[in-house]
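Taking numbering that gives the first Met the number 0, the leading residue of the sequence shown gets 0, the next gets one more, and so forth. No residue lacks a Cβ here, since even glycine has one placed at the ideal position from N, Cα and C. Fair warning: this is a prediction, and the values are worked out from it, not measured in the lab.
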Amino acid sequence: MKFSICNLGCKVNACEAESISEALSAKGWTRSIHEEDSDAVLIFTCAVTNTASAKSRQMLHKARHANPKAVTAVVGCYAQMQDGLLDDADIIVGSSHKNKLPDLLEQFQQTGEKIRVIEDLKETPFESMPLDHFEDHSRGVLKIQDGCNQFCTYCIIPYVRGRERSLDPDTAVANAERVAQNDSEIVLTGIHTGRYGKEYNVSLAQLMKRILKEVPALERLRISSIEMTEVSDELIQLIKEEPRIAHHLHIPLQSGCDEILQKMGRPYDTAAYYAKIEQIRREIPHIAISCDVIVGFPGESEEMFEKTYAFLEKCKFAFLHVFPYSLREGTRAAAMAGQIDPKIKKERAEKCRRLSMKLEDAYQQAQIGRMAEVITERPHGNDTPGHTSDYIHVVIPGQIYSRGSLVQVRLKEYRSRQMIGETESVKNDEVI
């Protein structure tokens, strides 16, 4: 039996999809990259924007058209919304009980009766979805947290992912040990990762300490994204003292204008945000800090946008993830006055993306000459790519190393927006 996976959305979605892929493979299924020859097509949906919801519906219709005989299962955030536009699917599973998908596929094949698993998320416990290896990726991903209690005015996620909940620390460490058998680096991820462990009275920093202590084979531990308000003194000190923690923090900003931040429902202002990143840089001088920014939020005037642009320049980020505001029905922002013309949103986003390239170039050029440890990815021809602790993508020309090797390089040259590294020494060179 063959299955294929179509994945939309965030890193958490991708992690969950790969976990289901492993579970199906363990039951004897074979993964295919083609929907046309699959016996089952699993669509991991996204609802963060109206566009993402539309793409989720399109993926279902495409799968139905490409292979009418295949079992179709739609999973995740958009499925949780139950708006009646997914009725063509044979199986609908919302934001809980995803790990039952292999059994649900077998149930449908036996009975032919449609299956709907949608539950109220208010009291949903954390659903552990173990993952040994993130196929076709250079680093392992470990989901440790789900849900969000923040309710930003533009965001549907708390409604479709539910309230905050965490993987228990013992299971998190055990899962990290499993992932470390295949991957030199692990990325800790979640919907609101920095809120990890509240129900266990355990902080994210404390979990990271345990993983590093109890999984000595792990070479690098990275945080996927963390809110400014969750970057604690404890976490800063841990990153400063522990060389195996990646020196990169992605800290969502969303706007550099205090009035817009307030309308968004963000729990900080620009002064607090800037003070936090300055504190981080004082303690960890070579750390890379990146951010998300949304432009064209309802009511954002040209003057407000220019405040955001100036603040982005002031912060000297390593790079930006730029998003034009996308109206999401069911959120408070969707009903706000002053919706911005799409053309203006596009122009503002393009301007910020050009700034991102400028900031990235400046950051990378400033690193030339220093030593850096690169965890390698699969070789391309006669060259080996990889990433440094501070998330610089490096190419080591004329050298072939196995995936997951640790190579000490000197950052020699930045050309055509690509960092070139020269090998100084190799810690290990094993197929991982």
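Mind checking who residue i pairs with in its DSSP beta bridge?
i    : result
K142 : T188
H246 : Paired residues: none, contrary to the question.
H386 : I374, H392
S95  : According to DSSP, S95 bridges with nothing at all.
L41  : I4, A72
L220 : I185, I244
Q253 : V292
P284 : Paired residue(s): none; P284 is not in a bridge.
H60  : Beta-bridge pairing links H60 to no other residue.
R164 : D145
I90  : A72, I114
H379 : D382
T29  : K1
Can you name, in chain order, every residue of its own chain whose Cβ lies under 7 Å from the Cβ of residue i, other than the five neighbours on each side?
i    : result
I288 : L248, I250, I276, I279, F316, A317
S94  : G75, C76, Q79, L120, V159, R160, G161
N12  : N6, F43, C45, G75
N427 : S404, L405
T50  : S325
A204 : S231, E233, L234, L237
A334 : none
F310 : G255, T269
G337 : P297, G298
Q364 : Y413
If I follow the unbroken beta strand (DSSP E) through residue i, where does it start and stop?
i    : result
Y413 : 405-414
K493 : Residue 493 cannot be examined here, being either before or after the span of the chain that is shown, 0 to 431.
C290 : 287-294
R353 : It is not in any beta strand (DSSP E) - R353 instead sits in the alpha helix (DSSP H) that spans 341-364.
Might you give, ordered along the chain, the residues of its own chain that have their beta carbon closer than 6 Å to the beta carbon of residue i, omitting 5 neighbours on each side?
i    : result
N381 : G397
R347 : V294, G295, F304
Y362 : A317
E229 : G193
V214 : A175, E176, A179
P378 : I399
A216 : A179
Q106 : none
K26  : P101
V47  : none
T123 : S95, G161
Quick test of your reading: residue i and residue j, contact by CB under 8 Å. State the CB separation rounded to the nearest angstrom.
i    : j    : result
S223 : T192 : 6 Å
R138 : D182 : 6 Å
P157 : Q144 : That belief does not hold up - the Cβ atoms of P157 and Q144 are roughly 13 Å apart, past 8 Å.
E370 : E423 : According to the sequence shown, residue 370 is Met rather than Glu. Indeed they touch by this definition, with Cβ atoms about 7 Å apart.
Got a sec: is the Cβ-Cβ distance from residue i to anything in chain C below 8 Å?
i  : result
C9 : Protein chain content of the structure displayed is limited to a single chain, and chain C is not contained in it.
Under 8 Å, do residue i and residue j count as touching if we go by C-beta distance?
i    : j    : result
A173 : I185 : no
E282 : R243 : no
G255 : I190 : no
Y267 : C314 : no
I42  : A72  : yes
I339 : P297 : yes
M58  : L104 : no
C154 : T307 : no
E372 : T387 : yes
V292 : Q261 : no
M263 : C351 : no
L234 : L220 : no
L85  : I91  : yes
I465 : E412 : With the chain represented from 0 up to 431, any question about residue 465 goes unanswered, as that position is not in the structure.
A53  : E34  : no
V140 : P168 : no
G420 : R402 : no
E163 : K197 : yes
V40  : A69  : yes
K10  : T188 : yes
C14  : K142 : yes
L37  : S31  : At residue 37 the sequence reads Ser, which differs from the Leu that was named. Yes, the pair counts as a contact, with Cβ atoms nearer than the cut-off.
For residue i, collect the residues of the same chain with a Cβ closer than 8 Å to its Cβ; drop the 5 residues on either side in sequence, then sort them by chain order.
i    : result
I286 : I238, H246, H247, L248, I279, R280, D389
Q417 : H392, V394
T29  : M0, K1, F2
G111 : none
D135 : Low confidence applies here, because D135 scores a pLDDT of 49, under 50, leaving its location unreliable and the question unanswered by this model.
Return the first residue and the last residue of the alpha helix (DSSP H) that residue i is part of.
i    : result
R115 : Premise fails: R115 lies in the beta strand (DSSP E), 114-116, not in any alpha helix (DSSP H).
P459 : Because the chain in this structure spans residues 0 to 431, residue 459 falls outside the shown range and cannot be described.
A25  : 10-25
L206 : 203-213
E105 : 100-110
I367 : It is not in any alpha helix (DSSP H) - I367 carries neither H nor E in the DSSP assignment.
P168 : 168-179
Y308 : 301-314
P157 : 156-160
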